[in-house]
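Participant: Numbered per our numbering, the sequence shown spans residues 10 to 130. Yeah, the Cβ is synthetic: ideal placement off N, Cα and C, and Gly gets one too.
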Amino acid sequence: MFYWIVNIVGFLIIAMIIGWFGVWGKKKGAVAVLRRVDITVADGMYSPDTIAAKVGQPITLRFLRRDKTPCAGTVVFSDFNRSLELPVGKTVEITFTPNVTGEYEFTCQMGMYRGKMLVLG
Numbered sequence: 010m011f012y013w014i015v016n017i018v019g020f021l022i023i024a025m026i027i028g029w030f031g032v033w034g035k036k037k038g039a040v041a042v043l044r045r046v047d048i049t050v051a052d053g054m055y056s057p058d059t060i061a062a063k064v065g066q067p068i069t070l071r072f073l074r075r076d077k078t079p080c081a082g083t084v085v086f087s088d089f090n091r092s093l094e095l096p097v098g099k100t101v102e103i104t105f106t107p108n109v110t111g112e113y114e115f116t117c118q119m120g121m122y123r124g125k126m127l128v129l130g
């Protein structure tokens, strides 16, 4: 009897570990395409770090920098040949119209902060 209890408890622990680390995979959800996105720059990251836009429609990104590190001072959209200075504690906007579908990265000037914009058809 003790042998069965140990096996069942062991099996449950393994199942919980597998579930915790997501071996069954993430559920795919719909991507929200917005015309205006508020992005916070804090703790070494952009939040949200993935945004969606629609090809041919203007999108406004509003960056609020809370991180005082120098690396957070600029956001660069190299594929669009655009960059934006981000003063601490102030919201700064950039608006552009993506004309080609794809995945485009935006980073700080050193490439340590990373985000991506998905342009959908």
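Report the three-state DSSP secondary structure of residue 131 (helix, strand or coil).
Facilitator: No answer is possible for residue 131: it lies beyond the span of the chain, which begins at 10 and ends at 130.
Participant: Spatial neighbours of residue 35 within its chain, please: C-beta separation below 7 Å, excluding the five flanking residues on both sides.
Facilitator: Here the question's residue 35 lines up with position 26 in the sequence shown. Reliability of the predicted coordinates at residue 35 is poor, the pLDDT of 47 falling under 50, and the value obtained from them is presented with this limitation in mind. Excluding positions up to five away in sequence, the list is empty.
Participant: Taking all protein chains shown into account, do 16 or more other C-beta atoms lie within 10 angstroms of the C-beta of residue 10, making it buried, or fewer, making it exposed?
Facilitator: Your numbering for residue 10 matches position 1 in the sequence shown. It is exposed - the Cβ of residue 10 has fewer than 16 other Cβ atoms within 10 Å.
Participant: Using CA atoms only, rank isn't needed, just tell me which of 70, 117, 50 is closest to residue 87.
Facilitator: The sequence position of residue 87 within the sequence shown is 78, counting from 1. If we check each option's Cα against that of residue 87, 117 comes out closest.
Participant: Roughly how many angstroms lie between the CA atoms of residue 104 and residue 80, to the nearest whole one?
Facilitator: Stepping through the sequence shown from its first residue, residue 104 is reached at position 95. Stepping through the sequence shown from its first residue, residue 80 is reached at position 71. Residue 104 and residue 80: Cα-Cα distance of roughly 22 Å.
Participant: Can you list, in chain order, the residues of its chain whose CB lies under 8 Å from that of residue 77, leaving out five sequence neighbours each side?
Facilitator: By 1-based counting over the sequence shown, the position of residue 77 is 68. Counting only Cβ-Cβ distances below 8 Å, and skipping sequence neighbours, we find 97.
Participant: Rounded to whole angstroms, what is the Cα-Cα separation between residue 89 and residue 17?
Facilitator: Sequence index remark: in the sequence shown, residue 89 carries index 80 (1-based). Sequence index remark: in the sequence shown, residue 17 carries index 8 (1-based). Looking at the two C-alpha atoms, the distance is approximately 56 Å.
Participant: Figure out for me which residue from 108, 100, 92, 14 has the closest Cα to the Cα of residue 74.
Facilitator: Position 65 of the sequence shown, counting from 1, holds the residue named residue 74. Ranking the options by Cα distance to residue 74, first place goes to 100.
Participant: Straight-line CA distance for residue 113 to residue 84?
Facilitator: Here residue 113 refers to the residue found at position 104 when the sequence shown is read from its first residue. Here residue 84 refers to the residue found at position 75 when the sequence shown is read from its first residue. Their backbone Cα atoms lie some 13 Å apart in a straight line.
Participant: Do you know how far the Cα of residue 119 is from the Cα of residue 93?
Facilitator: Position 84 of the sequence shown, counted from the start, is the residue given in the question as residue 93. Position 110 of the sequence shown, counted from the start, is the residue given in the question as residue 119. Straight-line Cα distance between these residues: approximately 14 Å.
Participant: Considering only residues of the stretch 45–117, which uninterrupted beta strand (DSSP E) runs meet the minimum length of 3 residues and lie entirely inside it, listed in chain order?
Facilitator: Segments of the beta strand (DSSP E) lying fully in the stretch 45–117: 45–51, 54–56, 59–63, 68–74, 83–86, 91–94, 100–105, 111–116.
Participant: Quick check on the burial criterion: 16 or more other C-beta atoms within 10 angstroms. Buried or exposed for residue 124?
Facilitator: What you label residue 124 is simply residue 115 of the sequence shown in a count that begins at 1. With 16 or more Cβ atoms within 10 Å of its Cβ, residue 124 is classed as buried.
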